[in-house]
Each structure stands twice: as structure tokens, then as C-alpha cells.
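> First residue of the sequence shown? That's 1403 in the numbering used here, and the numbers climb one at a time after it.
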Amino acid sequence: MSNYHIKGLEEYFQVYRKSVDNPEQFWEEIAEENFVWRKRWDEVLKWNKESHKVKWFDGAKLNITENCIDRHLYTNPDKTAILFEPNDPDESAQHITYKELHERVCKFANVLKDKGVKKGDRVCIYLPMIPELAISLLACARIGAVHSVVFAGFSATALRTRINDASCKMVITSDGSYRGAKTIDLKPIVDEALLDTPSITSVLVVKRIRSSVKMVADRDYWLQPLLEQASTDCPATIMNAEDELFILYTSGSTGMPKGMVHTTGGYMVYAAYTFKNVFQYRDQDIYWCSADIGWITGHSYIVYGPLANGATTLMYEGVPTYPDWGRFWSIIEKHQVTQFYTAPTAIRALAKEKLDFVEKYDLSSLKILGTVGEPINEEAWHWYNDNIGKKKSPIVDTWWQTETGGIMISPIPYATPTIPTFATLPLPGIQPALMDENGEELKGNQVEGRLTIKHPWPSMARTIWGNHKRYVETYFSAYKDKYFTGDGALRDATGFYRITGRVDDVIIVSGHNLGTAPIEDAINEHPAVAESAIVGFPHDIKGNALYGYVILKETGEGRDHDNLRKEINQIITERVGPIAKLDKIQFTEGLPKTRSGKIMRRILRKIASGETSKLGDISTLLNPEVVEKIIDNTIKS
Ligand code: WTA
């Protein structure tokens, strides 16, 4: 039996039991047998239940890039590490071998050093899905700089907020990006963001779309000429296991996005371990995760998890619809992809199109399919299973979060039975507990409650950058000694988990987590707006879409509502990004509020979803009369 690679259900149960009975011994063995350390840890786990500070493998020394790159140079230097498929199908794919990756990471790291980046400095990365994105993460990790990747679909304001929150020293960006038939200029967005970012001293610019961009003297540098002069020799900076590896922002129910901090040793162990098991990775596989590296899925399962296992990881630059709806399937055929990991929203969008787009391609190389990011509905699951997996490839419905660093609940293919809409069983080391409304743990099966995790795991986020208090309040104040996920879940009669969705004010739109507060703040900036509230409502493709209730300062005839709607979405695009645009905007005279003045989003959510018969008791509201008016004016389509 191998703890590192689980191959059957019996084995899973044995390994799981061991991981719960003695978590420290379990993780110690995994860490010892499968990774390269420069110095061994003094203690496997330090868990301070008062301060909520957790340390894994404390005292150990390592560099994650030695695990993701250097060690494979001895065994497999010519194996493809990153397989890059460009947006344009006529542009050749790039096969970047481990040897080449090593050289490119070392050169890039030397450029960072040359520009004054040191261990512990934060570097903001704002790049499209091109090889330089993965390479820049690794280059930071090589020298111990902390990367903070900001998804390149975010606006200048969102970028600036994140740069300032982490006091980043440098931004790495490109002139622009290709997305389907469109080209998008990125550098002007960075320039706008940098109008007020005192910590930034330099900007590295990758040439991709060859647009003409403005370069600021003594601040902006084209990357290519610097790389050409850089040495390929860059010894890895030796890090402590608990040194920060990266910050990644995620939306909260309220306030600023939270900069989740992930550290080096535990994150590496857990990302690699879960990649191996959830995707049953084997040497000859060609693994493809279609997420963007701007999200945690890309960090853990495009870059760190696959590379730590010496895998070939495919990176696709473009969109699923270009040049047509068959692009994903054509890529699978072209590169003989064995594992394909994507989001339910993409599956739903592709399932709406003619099957001809799928049937044109030979998908027989596929062995395992995965989904992540939001609950997958039964119809989409079956479409994926029947048409893509041809009923022979297990689907791993993987539940996890930016905060968890790695997959937490998921089937292990060929071991765990799969059931549509169920994430099934916790991975080794993960101890879920469902809680009732009174804060008691629900024991036994066939129960539904709030999902918490009882025991620390190696890749859990250690804190929120600069705000440990908020970390404790958000994740550890609801239930004593338990990490609260913000999700609801049920456990069925056999002990399998099904995630039922967020129980807070985070709304998942097309797999992107959106907090209500920054969007409402943006809307409220419009001079005509007095107050607003947004909620999610079910959407065929996006999973959820946004419904905005807006109170205007002056109502009355003559207001051009359509134009106002456009302006509101324009502000949201500028402040947050196009992903946060509202599908429906209803102008209203009032919002339902509690007597303490809190907006009752629960009621608005029900109305927006057409569930007006389930509003419950509204008589305790401050202003129950507005509810009727809101229902009457609901925007139907
Ligand atoms: C949701 C993405 C149901 C959940 C890795 C979680 C899911 C949030 C699933 C985290 C799944 C993720 N089934 N819901 N398989 N996977 N979620 O931080 O609500 O972008 O809390 O991390 O997505 O989203 P995040």
C-alpha cells in the first residue's frame, strides 16, 4: 500500500483512517518520501488554537522550484513540462521541456534580482495565459519573492487596490492579450492602476500582441532584452517551510478582497499529493486544466501540483469559443489530453451548442474529467459524462477554495464511486464537520448544515495579508476550533458530501467569486444613486447572475432608465471588472430592511429567483410594504 498514490476504495479508507488517527505521522511520511528538503523539520504541526496560527513542517528548509523543476532535470530533462497552446490555432504550440523551463525560470529570476527584488518582496503579476505567466510565478519562488497574481480581467481600480494592499514592489505585465478574435490592451490598464501606487519601483512588460504601448522611463522595461542578457544560473534561495510563497485575493462577504497568504512547505506537499491522487497522474499523461492562473485552481493545478509531480501541464491562452465551439475538443484531440479539468459554467455553455462540435473530434485519449468552482447541476454532469467522457472517464467533482490551497473533497478516480452533484468523500487529512444553526456538530448521516473543517491541513491559508484579526473573525469565530468554509453541505446516507452552495453574501458567477460590497460601492458612486443591493439569481450558463436593486436619489418621470443601467454597468466594469456586470437592474423606492437597518438580502434573493411564495415572515421588517412593490416591478427577462 502506498500512502502517496491511492489506487482503490479499500486503500482509500485505510489511508484516510491513518490520516485522521495520526495526522502528523501521516503527513510526515508523505513529506519525507516524496519531496526534496534542504533541512528536515523540527516539528510536523504547530497548532495554536488561541491565536489561530498554524505551522506545518516548521524548521524545514526548501525551495519549491527545486521540487517543481530541478529534481526532474536528473530524471526527465527532455520531458515537456509546459505545453502551451496559443489562442490562434494556426500558431504553433510550444513544448517547454523541464530543462528549458529551468533555464527560463533562472533567467527570469535573475532579471527580478537585477531590478532589486529580494526575498520577501511582493511582486504583482498581471498577465494573460502565456508561458511567461507560469514562469514568472516560478521565478518569484526561485528567489523567495512573494507573488500576487491578479487575474488579467480585473480593472485598473481592482489592480491598484491589490497592489497597494500588499505594497508590491514590481508589476509584471504584457502589452496585451489575445482572447478569441479580440486583442485586449493590458499595459494601459496597468498605467492607470499605477497612478497611485507608491510602492512600485518597476514594471516588466512582455511583448505578446505587439501593440504600441507607452513606456515610462526608469520604471517600465521590456522583458525580452533583459532576459537575453540574463544568466541561466540562479541558485534557489533556501526558504523556511513557513515563508510566504504567494498571496491571492478572494472576495469576502463584506469589505476589501482578502489577500490569502499561502506558505511554502505545506502548500507544496498538499498541492502535489492531491494532484497525484485526484487526477491519478501517471508518467505519460498529458494533463490539462482550463482555468486561468489568475485563480487558485491555476496556481495549484496548472503550476505547482503538476510540476511537483514532473507532469506535462497544458496551458491554453484563449477562450472555449474560438475559432468555434469545438476548440476545447480539438485541443484534447491534438495533444492527446488524458485528464481534463474545467468549470461547470464552461460545460453548460458548451452543452448548449450542437453536438457536431464534439463529435468531430477523437476524445479517446481522455481518462479522467474534473470540475471545480461551483456546484455542477445534474444535467451538465450527464452531458459531460456522456459526450466527453463517453461514460468511461470518471468525473471528479472537486470541492475546495482559495483559502484551502488544494482540493478537499473529491472522488478518487477508480476508487470512489461518482454520483452526479456529489463531491463525495474527503481526501486524506481532511476532517469535515457539518454544523447546525445552534453551533452543534451534526453527527451521523443524512444531515445538512454548514461545512467546517476540524483539523488543520498542510495547505490551509495561514492568514489574510496584513490582517490576521480579519482571518480569525472570518474563518474561526463562527465555530470553536473549526475552520468555517462559508458553504453549506449535506451528507447522505452513505456519508457522501454534496455541496449546496454559499451561505454568505459571496455570489459565484461563471465560477468567479464576487463579494456584494465592492460592487454595491461601485454602483453607489454613480451620482444619481442613493443606495443599492445586489443578489444572485439562477442562470442557465453562469450558474448565478447578478440582480441589482437600486434606489435613485431623485425618482420621477423623465429619467432615462436604460441609459442609467448602462452607466451603472460601466462604473462596475471600471471599478471591479466586466465579470461583475449586472444582468438585471431594478429601480426601486426602498429596500427591505431589518429594524437595525440591515438590508435583508435573503428576501431580495428569493424575489429575484422568482420564489415569492417562500418569503417567510416579513412582518418584522422595518418597511414590509416595500416588498410588494419590489415584487410587482420584478424584471422577468
Ligand atoms: C465553490 C475555487 C460546489 C464553493 C477552487 C467554494 C464549489 C468556492 C466547488 C470557492 C464544487 C468550489 N462544488 N461548489 N466542486 N468547488 N465551489 O475560492 O462555494 O474561487 O466556497 O476556489 O467555490 O471558490 P474559489
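Glycine included, every Cβ here is placed at the ideal spot set by N, Cα and C.
1) Under 7 angstroms Cβ to Cβ from residue 1444, same chain only, skipping five residues before and after it: list those, please.
2) Using DSSP bridges, identify the partner residues of residue 1772.
3) Once DSSP output is grouped into helix, strand and coil, what is the label at residue 1597?
4) Compute every distance between the C-beta of residue 1664 and the non-hydrogen atoms of the ligand WTA, then say whether any falls below 8 angstroms.
5) Under 8 angstroms by Cβ, that's how I've got residue 1535 and residue 1501 pegged, so tell me the actual separation to the nearest angstrom.
6) Hey, how far is the Cα of residue 1522 from the Cα of residue 1646?
7) Roughly how many whole angstroms lie between the Cα atoms of residue 1913 and residue 1852?
8) With DSSP collapsed to three states, give me the class of residue 1695.
9) Could you say which of 1453, 1583, 1592, 2002 lies nearest to residue 1869 if we only look at CA atoms?
10) In the DSSP assignment, find the unbroken beta strand (DSSP E) run with residue 1576 in it and report its ends.
11) Is there at least one non-hydrogen atom of the ligand WTA closer than 8 angstroms to the beta-carbon of residue 1593?
12) Residue 1825 and residue 1856 look like a contact to me (Cβ under 8 angstroms); what is the Cβ gap, rounded to whole Å?
13) Closer than 8 angstroms: is that where the CB of residue 1417 sits relative to any heavy atom of the ligand WTA?
14) With a threshold of 8 angstroms, establish whether the CB of residue 1799 neighbours any heavy atom of the ligand WTA.
15) From 1562, 1691, 1862, 1904, pick the residue whose C-alpha is nearest to that of residue 1378; which is it?
16) Judging by CA-CA distance, which residue of 1450, 1606, 1738, 1699 is the nearest neighbour of residue 1774?
17) Which whole-angstrom value describes the C-beta separation of residue 1813 and residue 1827, a residue pair presumed to lie in contact below a C-beta threshold of 8 angstroms?
18) Are the region 1503-1523 and the region 1550-1563 in contact at 8 angstroms, needing three or more beta carbon pairs?
19) Could you give the C-beta distance for residue 1829 and residue 1937, rounded to a whole number, given that I count them as a contact under 8 angstroms?
20) Give me, in chain order, the residues of the same chain whose beta-carbon lies closer than 7 angstroms to that of residue 1932; leave out the 5 immediate sequence neighbours on both sides.
21) DSSP state of residue 1617, grouped into three classes?
22) Using the C-alpha atoms, what's the distance from residue 1863 back to residue 1663?
23) Given 8 angstroms as the limit, tell me if residue 1802 has its C-beta closer than that to any heavy atom belonging to the ligand WTA.
24) How far does the beta strand (DSSP E) with residue 1526 in it reach, from first residue to last?
25) Please check the pair residue 1499 and residue 1483, which I expect to be a contact at CB under 8 angstroms, by giving their CB distance rounded to whole angstroms.
26) Note down, in chain order, each residue of its chain lying with its Cβ closer than 6 angstroms to the Cβ of residue 1707, except the 5 sequence neighbours on either side.
27) At a Cβ threshold of 9 angstroms, is residue 1814 touching chain B?
28) For residue 1752, count the other beta carbons within 10 Å of its own beta carbon; 16 or more makes it buried, fewer makes it exposed. Which is it?
29) Just to confirm the assignment: which complete beta strand (DSSP E) runs, minimum length 3, are found wholly within the region 1850-1907?
30) Do residue 1680 and residue 1860 count as a contact pair if the criterion is CB distance below 9 angstroms?
31) Any idea what DSSP makes of residue 1608, helix, strand or coil?
32) So, are the CB atoms of residue 1705 and residue 1844 less than 9 angstroms apart?
33) If I measure Cβ to Cβ from residue 1943 and keep anything under 8 angstroms in the same chain, skipping five residues before and after, which residues do I get?
34) Which residue marks the beginning of the alpha helix (DSSP H) containing residue 1482, and which one marks its end?
35) Where do the N-terminal and C-terminal ends of the alpha helix (DSSP H) with residue 1728 fall, by residue?
36) Using the three-state DSSP reduction, which class does residue 1805 fall into: helix, strand or coil?
Well, looking at it:
1) Here residue 1444 corresponds to residue number 42 of the sequence shown, with the count starting at 1. Non-local C-beta neighbours of residue 1444 in its own chain, meaning closer than 7 angstroms and more than five positions away in sequence, comprise 1460, 1461, ordered along the chain.
2) Position 370 of the sequence shown, counted from the start, is the residue given in the question as residue 1772. 1743, 1798, per the DSSP bridge assignment.
3) In the sequence shown, residue 1597 corresponds to position 195, counting from 1. Looking at residue 1597 - three-state DSSP - the assignment turns out to be helix.
4) Within the sequence shown, residue 1664 is the residue found at index 262, counting from 1. Outside the cutoff, so no.
5) Taking the sequence shown and counting its residues from 1, the one referred to as residue 1535 is at position 133. Taking the sequence shown and counting its residues from 1, the one referred to as residue 1501 is at position 99. Taking the Cβ atoms as the reference, residue 1535 lies roughly 20 angstroms from residue 1501, outside the contact range of under 8 angstroms.
6) Taking the first residue of the sequence shown as 1, we reach residue 1522 at position 120. Taking the first residue of the sequence shown as 1, we reach residue 1646 at position 244. If I take the Cα positions, the gap works out to 7 angstroms.
7) The sequence position of residue 1913 within the sequence shown is 511, counting from 1. The sequence position of residue 1852 within the sequence shown is 450, counting from 1. Whole-angstrom Cα-Cα distance: 20 angstroms.
8) On the sequence shown, residue 1695 is found 293 positions in, with the first residue counted as 1. Three-state DSSP puts residue 1695 in coil, outside helix and strand.
9) As a position in the sequence shown, residue 1869 is number 467, starting the count at 1. Answer by Cα proximity: 1453.
10) Within the sequence shown, numbered from 1, the residue matching residue 1576 stands at position 174. Element bounds for residue 1576: 1572-1576.
11) Translated into the one-based positions of the sequence shown, residue 1593 becomes position 191. No.
12) Position 423 of the sequence shown, counting from 1, holds the residue named residue 1825. Position 454 of the sequence shown, counting from 1, holds the residue named residue 1856. With 8 angstroms as the limit, residue 1825 and residue 1856 do not qualify as a contact, their Cβ atoms being about 17 angstroms apart.
13) Locating residue 1417 in the sequence shown gives position 15, where the first residue counts as 1. For the ligand WTA, not one heavy atom lies less than 8 angstroms from the Cβ of residue 1417.
14) By 1-based counting over the sequence shown, the position of residue 1799 is 397. Answer for residue 1799: yes, Cβ within range of the ligand WTA.
15) Outside the displayed range of the chain (1403 to 2039) lies residue 1378, so it cannot be described from this structure.
16) Mapped onto the sequence shown, residue 1774 falls at position 372. Per the Cα distances, 1699.
17) For the purposes of this step, residue 1813 is identified with residue 411 of the sequence shown, where counting begins at 1. For the purposes of this step, residue 1827 is identified with residue 425 of the sequence shown, where counting begins at 1. Sure, about 7 angstroms apart at Cβ, within 8 angstroms.
18) no
19) Position 427 of the sequence shown, counted from the start, is the residue given in the question as residue 1829. Position 535 of the sequence shown, counted from the start, is the residue given in the question as residue 1937. 33 angstroms between Cβ atoms; not a contact.
20) Numbered from its first residue, the sequence shown carries residue 1932 at position 530. Closer than 7 angstroms at the Cβ level, and outside the excluded window around residue 1932, lie 1953, 1954, 1955.
21) Stepping through the sequence shown from its first residue, residue 1617 is reached at position 215. Coil.
22) Here residue 1663 refers to the residue found at position 261 of the sequence shown. Here residue 1863 refers to the residue found at position 461 of the sequence shown. If you take the alpha carbons of residue 1663 and residue 1863, they lie about 5 angstroms apart.
23) Position 400 of the sequence shown, counted from the first residue, corresponds to residue 1802. Yes - the ligand WTA has a heavy atom lying nearer than 8 angstroms to the Cβ of residue 1802.
24) Within the sequence shown, numbered from 1, the residue matching residue 1526 stands at position 124. That run of the beta strand (DSSP E) goes 1524-1528.
25) Here residue 1499 is taken as the residue at index 97 of the sequence shown, counted from 1. Here residue 1483 is taken as the residue at index 81 of the sequence shown, counted from 1. Indeed, because the Cβ distance is near 6 angstroms, the residues count as touching under 8 angstroms.
26) Within the sequence shown, the letter at position 305 stands for residue 1707. Within the same chain, residue 1707 has close Cβ partners 1673, 1674, 1677.
27) This model lacks chain B altogether; it includes just one protein chain.
28) The residue given as residue 1752 occupies position 350 in the sequence shown. Buried.
29) 1885-1893, 1899-1904
30) To locate residue 1860, count along the sequence shown from 1; it is residue 458. To locate residue 1680, count along the sequence shown from 1; it is residue 278. Pairing residue 1860 with residue 1680 gives a Cβ-Cβ distance that is not under 9 angstroms.
31) Taking the sequence shown and counting its residues from 1, one reaches residue 1608 at position 206. Reduced to three states, the DSSP call for residue 1608 is strand.
32) For the purposes of this step, residue 1705 is taken as the residue at position 303 of the sequence shown. For the purposes of this step, residue 1844 is taken as the residue at position 442 of the sequence shown. No, they are not a contact pair.
33) As a first step, residue 1943 is located in the sequence shown; it is residue number 541 there, counting from the start. Around residue 1943: 1747, 1750, 1751, 1754, 1912.
34) What you label residue 1482 is simply residue 80 of the sequence shown in a count that begins at 1. Taken as a continuous stretch (DSSP letters only), residue 1482 belongs to no alpha helix (DSSP H), being part of the beta strand (DSSP E) at 1482-1487.
35) The residue you call residue 1728 lines up with position 326 of the sequence shown. That residue, residue 1728, is in no alpha helix (DSSP H); it is neither H nor E in DSSP.
36) Working through the sequence shown from its first residue, we reach residue 1805 at position 403. Coil at residue 1805, not helix or strand.
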